[in-house]
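Structure, as structure tokens:
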Amino acid sequence: MGSKLTKRAEDYSKWYNELVVKADLAENSGVRGMMVIKPYGYAIWEKMQAELDRMFKETGHENAYFPLLIPKSYFSREASHVDGFAKECAVVTHYRLKNDEDGKGIVVDEKAKLEEELIIRPTSETIIWDSYRKWIQSYRDLPLLINQWANVMRWEMRTRLFLRTAEFLWQEGHTAHATREEALEEAEKMQEVYAEFAEKFMAMPVIKGTKTESERFAGALETYTIEAIMQDGKALQAGTSHFLGQNFAKAFDVKFTTREGKQDYVWATSWGVSTRLMGALVMSHSDDHGLVLPPRLAPIQLVVVPIYKSEEQLQRIDERVQELIKPLREMGVTVKYDNRTTHKPGWKFAEYELKGVPLRLGLGPRDLENGTAELARRDTLEKQVISQDDLVIKVKELLDEIQENLFKKAISYRDSMITEVDTFEEFKEVLETKGGFVSAHWDGTGETEEEIKTKTKATIRCIPLNAAEKEGKCVLTGRPSSRRVIFAKAY
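Using my numbering, the first residue of the sequence shown is number 6, and each one after it goes up by one.
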């Protein structure tokens, strides 16, 4: 399996980069800042997609697809939106290539300049609201609850696999409603969906909150977020849901006839999560041995490795394995039987440990005689000898136990990384020596928020939804503050 991973304590960033590549999740491509998601990594993303898609449809949403390219003029219609994305846009200016007259390859055909440049979507609000204008006439057409699975493009100067790439995969929901209250309810509902997915499937605890004005999505009146803490003490924004008010409806003239027969603009939301969740998954649970995957998102939940010395032994083990794994597959457990003869069992053990497979079953000639097997769990690296007759029950029990154990471990760590401070000296000391979420009073001004960011590189991750109002003094200015907010250094 090649050289061992750099230890997290030595260089967390290097550990992460090595692990993503060595575990066969992704690699850098020939295009700067863009990645190739390899089959094993994409299999995890497919599991994420499947669960999220199910949850979206259970809440009444439908999937559609909208164009990759957006006319430049669309962006100019919503001022704050274009301000937010202008520096990240990739622009298509020509539609044809031609052979270089000097015979040195191909060049852009200068005669093929587009009348209007096209933007590769950094997000799809503008192109989608152009369609919604045609689809919505009456209150009977509302609510309109649409999601799309797509790729988007945002130029990035410093990239890291999954966490920040120029192109990434995501889903983006875009909904239209008859009232402000319905749209706000939708934005809050989708934040709940994301939080439930993060905790129940990723086994990753999150803090739910709202963003400050400076941290909101471009064009939003309110941004709801879920924030997670990684093992190096840095925060990661894991999903956002935005209340857009009537901004985009007014920009694209999307009106509807109300029940009372009046004309009004619709109310909007948008919400999304991306392949950044892959990075969050890696950093939430993995260790110095490799990936640790929660069973509900693991492409392989159980791997069976035969231990043998002769062809005859392998044949006998093959026959027994097929009998053992059939009922497991019937109950929905994803099982891989690795009977490759090109690698020894020890090499396979190391491979599946690196790839984070939750359970590994070893079966040899002696096990055939005794009716036993060795079962190893990835989260604790513990091994136990079990009866083959108990395999189905034991695998089911252990998968549930591993899922629960990973969440308990993560939530215990998260809670230990929330620190309340009352002075700026404490604030700086916690950030430098411990990291994590810092709970502190803030006077509510953008100037103070920016000054804290400049001095410490910490940003306000969110204003927690469950934060009780409690009078205090701003950690920097000493001005009155009605509640604590969550600061952190972040990805």
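For glycine and all other residues, C-beta sits at the position ideal for the given N, C-alpha and C.
Check whether the Cβ atoms of Trp175 and Val278 sit closer than 9 Å, and answer yes or no. For this step, residue 175 is matched to residue 170 along the sequence shown. For this step, residue 278 is matched to residue 273 along the sequence shown. Taking 9 Å as the Cβ cut-off, Trp175 and Val278 qualify as a contacting pair.
What's the C-alpha gap between Tyr21 and Glu265? Walking along the sequence shown from the start, residue 21 turns up at place 16. Walking along the sequence shown from the start, residue 265 turns up at place 260. Just so you know, the alpha carbons of Tyr21 and Glu265 end up roughly 58 Å apart.
Give me the Cα-Cα distance between Thr215 and Ala225, rounded to the nearest whole angstrom. Stepping through the sequence shown from its first residue, residue 215 is reached at position 210. Stepping through the sequence shown from its first residue, residue 225 is reached at position 220. Taking the straight line joining both Cα atoms gives about 12 Å.
Check this for me: beta carbons of His348 and Thr274, under 9 Å apart or not? Numbered from its first residue, the sequence shown carries residue 348 at position 343. Numbered from its first residue, the sequence shown carries residue 274 at position 269. No, the Cβ-Cβ distance between His348 and Thr274 is not below 9 Å.
Taking the C-alpha atoms as reference points, what is the distance between Pro332 and Val326? Within the sequence shown, numbered from 1, the residue matching residue 332 stands at position 327. Within the sequence shown, numbered from 1, the residue matching residue 326 stands at position 321. Each residue's alpha carbon lies about 11 Å from the other.
CA-to-CA distance, Gln196 to Arg159, given in whole angstroms: Position 154 of the sequence shown holds residue 159. Position 191 of the sequence shown holds residue 196. Cα to Cα, the separation comes out at about 23 Å.
Where does Glu409 sit, in a helix, a strand or coil, going by DSSP? Stepping through the sequence shown from its first residue, residue 409 is reached at position 404. Three-state DSSP puts Glu409 in a helix.
For the alpha helix (DSSP H) holding Phe61, just list the boundary residues, first then last. If you number the sequence shown from 1, residue 61 lands on position 56. Here the alpha helix (DSSP H) through Phe61 covers Pro44 to Glu63.
Would you grab the beta carbon distance between Phe432 and Val443 for me? Rounded to a whole angstrom, and I think it's under 8 Å. Start at 1 with the first residue of the sequence shown, and residue 432 comes out as number 427. Start at 1 with the first residue of the sequence shown, and residue 443 comes out as number 438. The pair is a contact, with the Cβ atoms about 6 Å apart (cut-off 8 Å).
Quick test of your reading: Leu404 and Pro363, contact by CB under 8 Å. State the CB separation rounded to the nearest angstrom. On the sequence shown, residue 404 is found 399 positions in, with the first residue counted as 1. On the sequence shown, residue 363 is found 358 positions in, with the first residue counted as 1. That belief holds up - the Cβ atoms of Leu404 and Pro363 are roughly 6 Å apart, short of 8 Å.
Measuring only the C-alpha atoms, how far is Lys462 from Gly238? As a first step, residue 462 must be located in the sequence shown, where it is residue number 457. As a first step, residue 238 must be located in the sequence shown, where it is residue number 233. One Cα belongs to Lys462, the other to Gly238, and the distance between them is close to 14 Å.
Can you tell me whether Met445 is buried or exposed? The criterion is at least 16 other CB atoms within 10 Å of its CB, across all chains shown. Sequence index remark: in the sequence shown, residue 445 carries index 440 (1-based). As written in the sequence, residue 445 is Ala, which differs from the Met given in the question. Label assigned to Ala445: buried.
Indicate whether the contact test is met: 3 or more Cβ pairs, each with one atom in the stretch 114-125 and one in the stretch 139-153, closer than 8 Å. no
Out of Thr385, Ala188, Glu130 and Asp88, state which residue places its alpha-carbon closest to the alpha-carbon of Thr414. The residue you call residue 414 lines up with position 409 of the sequence shown. According to the sequence as given, residue 414 is Lys; it is not Thr. It is Thr385.
For the alpha helix (DSSP H) that contains Ser78, what are its first and last residues? The residue you call residue 78 lines up with position 73 of the sequence shown. Per DSSP, Ser78 belongs to the alpha helix (DSSP H) from Lys77 to Phe80.
With 16 as the cutoff for other CB atoms within 10 Å, does Met162 come out buried or exposed? Here residue 162 is taken as the residue at index 157 of the sequence shown, counted from 1. Burial call: exposed.
Asp269 bridges to which residues according to DSSP? For the purposes of this step, residue 269 is taken as the residue at position 264 of the sequence shown. Partner(s): Phe261.
Beta-carbon proximity list for Arg466, same chain, < 6 Å, skipping 5 on both sides: Residue mapping note: residue 466 aligns to position 461 of the sequence shown, counting from 1. So the list reads Glu232, Ala240, Ile491 and Ala493, once near-sequence residues are dropped.
Roughly how many angstroms lie between the CA atoms of Glu454 and Trp447, to the nearest whole one? Numbered from its first residue, the sequence shown carries residue 454 at position 449. Numbered from its first residue, the sequence shown carries residue 447 at position 442. Spanning the two alpha carbons is a distance of roughly 8 Å.
Cβ-based burial, Asn68 [other Cβ within 10 Å; buried from 16]: Position 63 of the sequence shown, counted from the start, is the residue given in the question as residue 68. Classification of Asn68: exposed, given that the 10 Å Cβ count is below 16.
According to DSSP, residues forming a beta bridge with Val340: Position 335 of the sequence shown holds residue 340. Answer is Leu307, bridged to Val340.
Relative to the C-alpha of Val87, which candidate in Ala381, Asp16, Tyr45 and Asn252 has its C-alpha closest? Start at 1 with the first residue of the sequence shown, and residue 87 comes out as number 82. Closest by alpha carbon: Asn252.
Evaluate the contact criterion for the stretch 301-314 versus the stretch 340-347: three or more CB pairs, one atom per stretch, below 8 Å. Taking 8 Å as the limit for Cβ pairs, the verdict is that the stretch 340-347 does touch the stretch 301-314.
If you follow the alpha helix (DSSP H) that Arg169 is in, where does it begin and where does it stop? For the purposes of this step, residue 169 is taken as the residue at position 164 of the sequence shown. Arg169 -> no alpha helix (DSSP H), and no H or E assigned at all.
Starting from Glu67, follow its DSSP beta bridges and name the residues at the other end. Here residue 67 refers to the residue found at position 62 when the sequence shown is read from its first residue. Answer is Ile151, bridged to Glu67.
Member of Ser291, Arg138 and Lys205 whose CA lies at the smallest distance from the CA of Tyr17: Numbered from its first residue, the sequence shown carries residue 17 at position 12. For the set Ser291, Arg138 and Lys205, the Cα lying nearest the Cα of Tyr17 is the one of Ser291.
Gly376 versus Pro350 - alpha carbon distance: Your numbering for residue 376 matches position 371 in the sequence shown. Your numbering for residue 350 matches position 345 in the sequence shown. Their backbone Cα atoms lie some 20 Å apart in a straight line.
Across the stretch 45-61 and the stretch 90-100, are there enough close Cβ pairs to call them in contact, namely three or more that are closer than 8 Å? no
Collapsed DSSP secondary structure at Ser275 in the structure displayed: Counting from one through the sequence shown, the residue named residue 275 turns up at place 270. In the three-state reduction of the DSSP assignment, Ser275 falls in the strand class, which pools E and B.
How long is the line joining the alpha carbons of Glu476 and Glu434, rounded to whole angstroms? Here residue 476 corresponds to residue number 471 of the sequence shown, with the count starting at 1. Here residue 434 corresponds to residue number 429 of the sequence shown, with the count starting at 1. Cα-Cα distance, rounded: 23 Å.
Report, in whole angstroms, the separation of the C-beta atoms of Ala181 and Tyr229, which I expect to be a contact under 8 Å. Working through the sequence shown from its first residue, we reach residue 181 at position 176. Working through the sequence shown from its first residue, we reach residue 229 at position 224. Separation of the CB atoms of Ala181 and Tyr229 is rounded to 18 Å, and the pair is thereby denied contact status at 8 Å.
Who are the near neighbours of Ala14 in its chain, counting only those whose CB is closer than 7 Å to its CB and skipping five residues on each side? Within the sequence shown, the letter at position 9 stands for residue 14. Taken in chain order, the list of residues that qualify is empty.
Residues near Leu168 by beta carbon distance below 7 Å, same chain, minus five either side: One-based indexing of the sequence shown puts residue 168 at position 163. Contacts found: Arg281, Gly284 and Tyr496.
Work out the CA separation of Leu30 and Arg484 for me, nearest whole Å. Mapped onto the sequence shown, residue 484 falls at position 479. Mapped onto the sequence shown, residue 30 falls at position 25. One C-alpha to the other measures close to 48 Å.
Among Glu456, Thr464, Ser486 and Pro469, which has the Cα closest to the Cα of Gly449? Counted from its first residue, the sequence shown places residue 449 at position 444. When only C-alpha atoms are compared, the closest one is Ser486.
Does Val36 come out as helix, strand or coil in the three-state DSSP assignment? Position 31 of the sequence shown holds residue 36. Of the three classes helix, strand and coil, the one that applies to Val36 here is coil, per DSSP.
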